[in-house]
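Numbering (our numbering), first residue to last: 11 to 138.
For glycine and all other residues, C-beta sits at the position ideal for the given N, C-alpha and C.
Note that this is a predicted model, so its numbers are computed, not measured.
Remarks on the structure that follows.
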């Protein structure tokens, strides 16, 4: 578990978990090689104490009990705020919630059906 790691060990643990090349049997490797190397990039936090502070702040949050849509919306908000002021288009697009609801109602998915969404992003449509 990452919670028992400290310093450089914590950074290495998180980076290795995010680095698909280290996990050749991982299903995402095939996807990554087909669609681009930049899908899974190294963590941009280089200071172990910064990463530890982030983890310490997030750990008490009981995200498992929160409605999944809330987490998706929070993540979308964070991304939109993070890319504000960028001079070039970073390819971050989000489907408005009312469109998500319409598409799900239109598709009317049933339990155990397979749904394919190659551009799922935060997974809002798949989760709904």
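(message) Using a 10 Å radius around the Cβ and a threshold of 16 neighbouring Cβ atoms, would you call residue 135 buried or exposed?
(response) The residue is buried, with at least 16 neighbouring Cβ atoms inside 10 Å.
(request) Would you tell me roughly how many angstroms separate the C-alpha atoms of residue 107 and residue 137, rounded to the nearest one? (result) Cα-Cα distance, rounded: 12 angstroms.
(request) Report the rounded CA-to-CA distance for residue 83 versus residue 131, giving the unit in angstroms. (result) Rounded to whole angstroms, residue 83 to residue 131 spans 11 angstroms at the Cα level.
(request) With DSSP as the reference, label residue 56 as helix, strand or coil. (result) Secondary structure at residue 56: coil, using DSSP grouped into helix, strand and coil.
(request) Starting from the C-beta of residue 55, find all residues in its chain whose C-beta is less than 6 angstroms away, skip the five residues before and the five after it, and write them out in chain order. (result) Cβ within range, chain order: 61.
(message) Please return the same chain residues whose Cβ sits closer than 7 angstroms to the Cβ of residue 127, not counting the five positions on each side in sequence.
(response) Closer than 7 angstroms at Cβ, skipping near neighbours: 135, 136.
(request) Go ahead and pull the three-state DSSP assignment for residue 126. (result) DSSP places residue 126 in coil when its eight states are reduced to three.
(message) Can you tell me where the alpha helix (DSSP H) holding residue 134 begins and where it ends?
(response) That run of the alpha helix (DSSP H) goes 134-137.
(request) Below 7 angstroms CB to CB, which residues in the same chain sit around residue 15 once its five sequence neighbours on both sides are set aside? (result) The answer, listed in chain order, is 23.
(message) Tell me which residue opens and which closes the alpha helix (DSSP H) that residue 6 is part of.
(response) The question about residue 6 has no answer, for the chain in this structure spans 11 to 138.
(request) Return yes when the Cβ of residue 65 is within less than 9 angstroms of the Cβ of residue 13, no when it is not. (result) Result yes, Cβ atoms of residue 13 and residue 65 sit closer than 9 angstroms.
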